[in-house]
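Chemist:
2 protein chains.
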Amino acid sequence: MTQTMSIPPFKLNGRIWLEIDEEKVLGHGRVELLERIHESGSIRQAALQMKMSYKQAWDLVNHINNGFKQPLVISKRGGKGGGIALLTPFGQEVIVEFKELQQKFFRFLDENGRK
Amino acid sequence: MTQTMSIPPFKLNGRIWLEIDEEKVLGHGRVELLERIHESGSIRQAALQMKMSYKQAWDLVNHINNGFKQPLVISKRGGKGGGIALLTPFGQEVIVEFKELQQKFFRFLDENGRK
DNA sequence: TTTCGTTATGTTTTTAAAAGTATAACGCAA
DNA sequence: TTGCGTTATACTTTTAAAAACATAACGAAA
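Chains as they are written, first to last, in the working numbering: chain A, 82 to 196; chain B, 82 to 196.
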């Protein structure tokens, strides 16, 4: 595809997200958090990996779960390892589909943008 | 196009913008500001229409002009009406092309999102 | 029945962004 | 040559977001 925008080294960039009731419930950062929770089985580990506080991560998870009214993450405290967190099947489904959308979006950016 | 994302009334939304040196220089809000400046010939009027302070509008214009290193807006003070602001041909070209991108992007959202 | 690492929350502090205030400079027109 | 409405810019205040801090609850395992 040819680039018409004339002068300097522009780069097209952007973001997409899902809304429920006009409110953002899932975007690129939150999906990454969910993925890391899925992989590590731990909110704390996911938070550390993303260099955010546990509190912030927990707040996000909480917000996501509330937003969807059906939880994407289930967590328990106590026991072996201190506690655990994991994605529900619904949660897994949602992130897969969101990432597909994201792939399409990246393709869109590549086709229309310029480095 | 069929919607696969299963459960609730999701809505896909997003934003695109232009970057120069990894920095956002033009997005949806700024383009609207430029359009209103173009129509009214006045930064102040454009700011009022968009319910922002003159200062904020001026700062944005300033930032845009600096980002592109070639001005999109030229302004003068004093004289009839107190002063004036207008888009350069380059500025006009840029907003036209950005709005074309935006149209494509809206089409993308419509094709992939769900109300 | 104590230790441990995590989940779960509330509270406070810090930081950054936005909004507001103030004022100078300008040049046409009366 | 004064008044007017706007551009231009600095400075202060307010607001909102993020970070930091503190602490309780939990349950497996030792």
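No residue lacks a Cβ here, since even glycine has one placed at the ideal position from N, Cα and C. None of the values given here were measured: they were computed from a predicted structure.
Between R97/A and chain B, is the shortest Cβ-Cβ distance under 7 Å, so that the two count as touching?
Modeler: In the first sequence, the residue the question calls residue 97/A occupies position 16. Just to set this straight, residue 97/A is Ile in the shown sequence, not Arg. Yes, because at least one Cβ of chain B sits closer than 7 Å to the Cβ of I97/A.
Chemist: Give the DSSP bridge partners of E192/B, in chain order.
Modeler: For the purposes of this step, residue 192/B is identified with residue 111 of the second sequence, where counting begins at 1. DSSP, once it has assigned bridges, lists no residue as partnering E192/B.
Chemist: Using CA coordinates, which residue listed in E100/A, G95/A and A128/A is at the minimum distance from G194/B?
Modeler: Here residue 194/B corresponds to residue number 113 of the second sequence, with the count starting at 1. When only C-alpha atoms are compared, the closest one is E100/A.
Chemist: In three-state terms, what does DSSP make of E103/A?
Modeler: Start at 1 with the first residue of the first sequence, and residue 103/A comes out as number 22. In this structure, E103/A counts as coil in the three-state DSSP scheme.
Chemist: The segment 144-157 of chain B: which residues have C-beta closer than 8 Å to a C-beta of chain A, in chain order?
Modeler: F149, K150 and Q151
Chemist: Within 10 angstroms of its Cβ, does V175/B collect 16 or more other Cβ (buried), or is it exposed?
Modeler: What you label residue 175/B is simply residue 94 of the second sequence in a count that begins at 1. Under this definition V175/B is a buried residue.
Chemist: Starting from the Cα of F91/A, find the closest Cα among I155/B, I97/B and V142/B and give me that residue.
Modeler: Numbered from 1 along the first sequence, position 10 holds the residue referred to as residue 91/A. Checking every option, the nearest Cα to that of F91/A belongs to I97/B.
Chemist: Check whether the Cβ atoms of I155/A and G122/A sit closer than 7 Å, and answer yes or no.
Modeler: Here residue 155/A corresponds to residue number 74 of the first sequence, with the count starting at 1. Here residue 122/A corresponds to residue number 41 of the first sequence, with the count starting at 1. In this structure, G122/A does not lie closer than 7 Å to I155/A by Cβ.
Chemist: For the beta strand (DSSP E) that contains G164/A, what are its first and last residues?
Modeler: Residue mapping note: residue 164/A aligns to position 83 of the first sequence, counting from 1. Unbroken beta strand (DSSP E) run through G164/A: G164 to L168.
Chemist: Which residue marks the beginning of the alpha helix (DSSP H) containing S121/A, and which one marks its end?
Modeler: By 1-based counting over the first sequence, the position of residue 121/A is 40. Its alpha helix (DSSP H) spans residues H109 to S121.
Chemist: What separation, rounded to the nearest whole angstrom, lies between the Cα atoms of I118/A and F189/A?
Modeler: In the first sequence, the residue the question calls residue 118/A occupies position 37. In the first sequence, the residue the question calls residue 189/A occupies position 108. Near 29 Å, if we compare the C-alpha coordinates of F189/A and I118/A.
Chemist: Within 10 angstroms of the Cβ of R111/B, are there 16 or more other Cβ atoms? Answer buried if so, exposed if not.
Modeler: Start at 1 with the first residue of the second sequence, and residue 111/B comes out as number 30. Buried, by the Cβ-count rule.
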